[in-house]
Amino acid sequence: MTTKRLINVKLETGRLINEGQLRTSTALYTIDLDDTLITGIYLKDQEPIFTGPTIDIKGRLAMPPFKDMHNHLDKTYMTLGWRAALPVGSFPERLAAEASELPLLAPSTERRAKAMIESLMKRGINHIRTHVNIDPYIGLENLEGVLNALQHYDKFITYDIVAFPQHGLLRDKVPQLMREALRSGATMVGGLDPGGIDNAVERSLDEIMSLATLFDADVDIHLHDRGHLGTYTYSKWLDIVAENHYQGRTAISHGFSLGDVSIPEQDELIARLNEQDVKIMSTIPYGLTHQMPPIDRLRQGGVNVHLGCDGFYDSWSSCVSSDVLEKLSTFCELTGKITEEGLADSLSLITNGKQPLTMGQLTWPLVGDSADFIFIEAAASAEIIARKPIDRLVMFNSQILQF
Ligand SMILES: [Zn+2]
């Protein structure tokens, strides 16, 4: 039953050639909602009579909510005042620097995570996949804080909590801690560089899969290892996914090495990733020394790719923001997507596949979709991706968010 009406909502309706250029056409609509879903969509002035509460969206463009598919809520310095990332010279030094401050940060995890969640929600994110450290220094302390923080907002957002062995899976009592984490609120199994960190690709991947099958949990593995060590890890994981019939339930985060090898090697792995429905999560690293996985080739090959903010404002990174739209805009810039369609068709990377137009036809929003929107003053989604407007009116579960 309709309980609320939105008026003057701008929706994309198609694409047309105007003055020799492809443009997105829009129109104003009235959208009816119940407490969670869209119950009606009408062209302005063609809606039935409704006497309940009405919200004037004032011509802002409606966008589907964003998803942050790679984050580390437990690591942020938010609420602690400004601190730059710790200076280090190598990955092992980075891990040692983190280990030294983990016990000091653990008591404030819930407060810091809440600040980060609110910052993500303000940007229009209603699903967060967070990795949470499970390590010998703090055990499950961060998990408890992150779980409490996420549950505080679960009227508006959904989440995955990945038990993440940041300091190695095959050491000390970490496998046992991972089991405890999965019994204590973690919903997914993580992993980290089975070659570079665990020094045992097969044994590490086998342990990950045995945890996953034991708890019937999905998997998301951090894979930074470069070159053929990385692609060997991809290949072994694909074997294990096939053997365990785990199609559609696993992801590789970062996965840089796919961009390091020859095109025929890429194509072979992309075909297997598609076959086993292994998703790729990217945080769009940029800079002179970074290499992205070939996201466009992956998508053309049928592989699902999602973006995330990664940890931000923590011991690893000072400059990243809480805006996954910024990641998308950077991706478009780096890959030369500057046209109306090129920009707009990349939106699905941050919306779990939803976008207002597909092949020029309206595919979102539809009656029956969840009542989750970001309303932004813009001509079209291409403009939003290019210009990253900060001013966003966010509605989750039929409610306008107010902080
Ligand atoms: Zn990460």
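Residue numbers for the sequence shown, in the numbering used here: 1242 to 1644.
All residues carry an ideal CB built from backbone N, CA and C; glycine is no exception.
This structure is a prediction, so every number in the text was calculated from the model and none was measured.
Is there contact between the segment 1598 to 1612 and the segment 1557 to 1575, where contact requires at least three CB pairs shorter than 8 Å? no
In terms of residues, what are the limits of the alpha helix (DSSP H) holding residue 1626? Your numbering for residue 1626 matches position 385 in the sequence shown. Looking at the DSSP string, the run of the alpha helix (DSSP H) that includes residue 1626 is 1622 to 1628.
Could you check which residue in 1267, 1327, 1394 and 1339 has the C-alpha nearest to that of residue 1362? Residue 1362 sits at position 121 when you count from the first residue of the sequence shown. Of the candidates 1267, 1327, 1394 and 1339, the one whose C-alpha sits nearest the C-alpha of residue 1362 is 1394.
Bounding residues of the alpha helix (DSSP H) (the contiguous stretch that carries residue 1442): For the purposes of this step, residue 1442 is identified with residue 201 of the sequence shown, where counting begins at 1. Its alpha helix (DSSP H) spans residues 1442 to 1456.
So, residue 1588 versus residue 1626, is the Cβ gap smaller than 9 Å? As a working mapping, residue 1588 is identified with position 347 in the sequence shown. As a working mapping, residue 1626 is identified with position 385 in the sequence shown. Yes, these two residues count as a Cβ contact at 9 Å.
Enclosing beta strand (DSSP E) for residue 1459 [first to last residue]: What you label residue 1459 is simply residue 218 of the sequence shown in a count that begins at 1. Element bounds for residue 1459: 1459 to 1464.
Within 10 angstroms of the Cβ of residue 1508, are there 16 or more other Cβ atoms? Answer buried if so, exposed if not. Counted from its first residue, the sequence shown places residue 1508 at position 267. Residue 1508 is exposed by the Cβ-count criterion.
Secondary structure of residue 1309, DSSP reduced to three states: As a first step, residue 1309 is located in the sequence shown; it is residue number 68 there, counting from the start. Strand.
Mind checking whether the beta-carbon of residue 1494 lies closer than 8 Å to any heavy atom of ligand 1? The residue given as residue 1494 occupies position 253 in the sequence shown. Yes, since a heavy atom of ligand 1 falls inside the 8 Å radius drawn around the Cβ of residue 1494.
Confirm the yes/no value for this check: CB of residue 1434, any heavy atom of ligand 2, distance under 8 Å. For ligand 2, the structure offers nothing, since it holds only ligand 1.
What do you reckon, is the C-beta of residue 1313 under 8 Å from a heavy atom of ligand 1? The residue you call residue 1313 lines up with position 72 of the sequence shown. At least one heavy atom of ligand 1 is nearer than 8 Å to the Cβ of residue 1313, so yes.
Residue 1288 versus 1312, 1319, 1262 and 1250, residue with shortest Cα-Cα distance: In the sequence shown, residue 1288 corresponds to position 47, counting from 1. Nearest of 1312, 1319, 1262 and 1250 to residue 1288, Cα basis: 1250.
Where in the segment 1271 to 1352 do unbroken runs of the alpha helix (DSSP H), each at least 4 residues long, occur, reported from the N-terminal end onward? 1332 to 1346
Taking 8 Å as the cut-off, is the CB of residue 1551 close to at least one heavy atom of ligand 1? For the purposes of this step, residue 1551 is taken as residue 310 along the sequence shown, with counting starting at 1. Yes, since a heavy atom of ligand 1 falls inside the 8 Å radius drawn around the Cβ of residue 1551.
Going by alpha carbons, who is nearest to residue 1521 out of 1461, 1577 and 1407? Along the sequence shown, one-based indexing puts residue 1521 at 280. Ranking 1461, 1577 and 1407 by Cα distance to residue 1521 puts 1461 first.
Let me make sure I understand the geometry here. Which of 1578, 1559 and 1431 has the alpha-carbon closest to that of residue 1324? Taking the sequence shown and counting its residues from 1, one reaches residue 1324 at position 83. With distances taken between Cα atoms, residue 1324 lies closest to 1559.
Could you tell me whether any non-hydrogen atom of ligand 1 is closer than 8 Å to the CB of residue 1547? Taking the sequence shown and counting its residues from 1, one reaches residue 1547 at position 306. Flag unset: Cβ of residue 1547 not near ligand 1.
Inter-stretch contact (C-beta, 8 Å, three-pair minimum) for the segment 1612 to 1625 and the segment 1340 to 1348: no
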